[in-house]
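Below you'll find the structure, written out as structure tokens, and then a few comments.
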Amino acid sequence: MRLATRMSRLGTETAFEVLARARQLEACGRKIIHLEIGEPDFSTPQNIRDKACWALNNGYTHYGPSAGLPELREVIAREVSQTRGIEAKSSQVVVTPGAKPIMFFAILALVDSEDEVIYPNPGFPIYESVINFLGAKAVPIPLREENRFRLDLDELKKLINPKTRLLILNSPHNPTGGVLTQEDLKAIAEMVLKYPDLYVLSDEIYSRTLYTSKHHSIASFPGMQEKTIILDGFSKTYAMTGWRLGYGVMEESLAVSIARLQTNSNSCTATFAQIAGIEALTGDQSEVERMGGEFKRRRDVLIEGLNKIPRLKALLPDGAFYAFPNVSQIGWPSKKLADYLMDEAGVAVLSGTAFGMFGEGYLRLSYANSVENIKEALEKIEKAVAKI
Ligand code: PLP
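So the sequence shown is numbered by our numbering: it starts at -18 and just counts up by one.
Structural data, given as structure tokens:
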């Protein structure tokens, strides 16, 4: 079949492919420990599930406005205003099926083919995929271990030029767990403010998964709210990956354009899921605290265990739920090592290169799995690595 040329430029998210391969092995009777997929293994909190059932039984089964239900947009505007110290209005909020469409829509709405987009590498693979898909120039900013996987400010300064239309930030960061400091964000804001047509897509999906520091958004700095699209959602914080519920907060006229992209694609986000989203943000938050505490416990077990394995070295991440160990001393390409660990040890992990070329020499392990499984995975990894 002859596909449009642009399809050859569309990338993917390897986690889903590795998961499919792991499932195939499981179907053949192999036991696989899943450390590949980035989704909380917890159930969505009961109060949120109850609200969704209530909504389904009370008529929230129809189309809704493309930008989202006004009552949810209002609640999101309040939440984002409080947590980022800004004044966001409901008219600046667009609710989408998961947060991912905000990435796609923001790049689609702002970037022309002759424009440049700077994005973190290693980083969430969809950024690079969508930039390339739209025929724009994808400009990676390397995130290095020696800088605790924060971007280098001097390097960023050199990459920004009048053609740069969008800078993508992601803090806390997938896949490294790195977190940008307030000083980093201030310096980045100063650079961005020099260019009138430069905007920031600030992916803050892990804003509530932080272990020691407080979340900071670049939108909080003077003059930056108008230049920032905040991406956030319910998938990670409330263990709602399958519900497909996320949002963007942005300048009002851009929100109108992005709602129009939604009209042209998804029409709207499922209305009963949006009602459940109101409960998530306004209801009891104790489950979020509990899940955060559990992630921290798992992080500590995993990082300590990885650092005990000869030739592996892992930084203690301050956010998200991923470890990004340096495996370069083993001397194998990361992809080969990830495949080997699945086949030999029955542990599914991702190659750092699934997040871009600067991920070579690393693996990504998601600790959205029980402490018991993490301990078993560590033993299996140690034995398999010893054979190399
Ligand atoms: N941004 C980052 C950095 C992510 O890791 C993910 C999911 O893995 C998303 C966005 C997408 O979130 P959602 O499932 O709400 O679309």
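Glycine is no exception: its CB is placed at the ideal position from the N, C-alpha and C atoms. Computed from a prediction, not measured in an experiment: that's the story for all the values here.
Tell me the rounded alpha-carbon separation between residue i and residue j.
i	j	result
Ser71	Glu60	11 Å
Ala326	Leu132	34 Å
Glu341	Pro314	7 Å
His43	Cys34	15 Å
Asp96	Leu89	12 Å
Glu68	Ser201	9 Å
Gly337	Ile107	10 Å
Pro51	His196	26 Å
Lys317	Met323	10 Å
Glu353	Thr(-5)	25 Å
Arg146	Asp22	37 Å
Ser267	Lys139	44 Å
Lys175	Leu283	42 Å
Gly66	Gln310	44 Å
Could you tell me if residue i is buried or exposed, where buried requires 16 or more neighbouring beta carbons within 10 angstroms of its beta carbon?
i	result
Met(-12)	exposed
Phe253	buried
Ser24	exposed
Thr334	buried
Arg54	buried
Ser332	buried
Ala(-15)	exposed
Glu109	buried
Gln255	buried
Cys249	buried
Ala8	exposed
Asp299	buried
Ile369	exposed
Leaving out the 5 sequence neighbours to the left and right, which residues in its chain are closer than 6 Å to residue i when beta-carbon positions are compared?
i	result
Asp184	Asn151, Leu212
Lys118	Glu97
Thr222	Glu20, Ser216
When DSSP labels each residue in this structure, what does residue i get in the three-state scheme?
i	result
Asn405	Nothing can be reported for residue 405: it is not among the residues displayed for the chain, which extend from -18 to 369.
Ala329	strand
Asn102	strand
Thr(-14)	helix
Lys217	coil
Gly286	helix
Gly364	Correcting the residue type first, residue 364 is Lys in the shown sequence and not Gly. DSSP places Lys364 in helix when its eight states are reduced to three.
Gly274	helix
Ala58	helix
Once the 5 residues before and after residue i are set aside, which same chain residues still bring their CB inside 8 Å of it?
i	result
Asn290	Note that residue 290 is Ile in the sequence shown, not Asn. Only Leu359, Ile362, Glu363, Val366 meet the Cβ criterion.
Glu207	Glu232
Can you find the residues in the same chain that come closer than 7 Å, C-beta to C-beta, to residue i, ignoring five residues on each side of it along the sequence?
i	result
Ser238	Ala90
For the ligand GDP, list every residue whose C-beta falls under 6 Å from any of its heavy atoms, going in chain order. For the structure depicted, the ligand GDP is absent and the ligand set comprises only the ligand PLP.
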